[in-house]
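Here the sequence shown is numbered in numbering that gives the first Met the number 0, starting from 0 and rising by one per residue. To start, the structure under review is shown below, and the notes come after it.
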Amino acid sequence: MIRKELLEILACPVDKAPLKELENEKKLLCTACGRKYPVKEGIPVMLVDEAELPEGKEGKKGS
0 MIRKELLEIL ACPVDKAPLK ELENEKKLLC TACGRKYPVK EGIPVMLVDE
50 AELPEGKEGK KGS
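Right, dumping it as structure tokens:
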């Protein structure tokens, strides 16, 4: 689980939108583009190349 204070300052590196924690998946979800960023050992991995793209957006990691 990510601390509330940390979650409040994190944003998607692509579109700067807020993130929502998906506790059951250990990921952070971008509320705008739908990318899912992994949380490894309690540390958010905010790298675009590590993000899981939403359905139908494959191949567009940097956009």
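From the three backbone atoms N, C-alpha and C, an ideal C-beta is built for every residue, glycine too.
Selected residue, minimal CA-CA separation from residue i, among the options
i	options	result
Glu7	Thr30, Arg34, Lys25, Asp48	Thr30
Buried or exposed by the 16-neighbour rule on C-beta atoms within 10 Å, applied to residue i
i	result
Lys19	exposed
Leu5	exposed
Lys15	exposed
Residue j beta carbon less than 8 Å from that of residue i
i	j	result
Leu9	Pro43	yes
Pro12	Val38	no
Residue i, DSSP secondary structure in three states
i	result
Glu20	strand
Val13	coil
Residues of its chain near residue i, where Cβ-Cβ distance is below 6 Å and the 5 sequence neighbours each way are ignored
i	result
Pro17	Thr30
Lys25	Val38
8 Å CB neighbourhood of residue i in its chain, flanking five on each side removed
i	result
Glu49	Tyr36, Pro37
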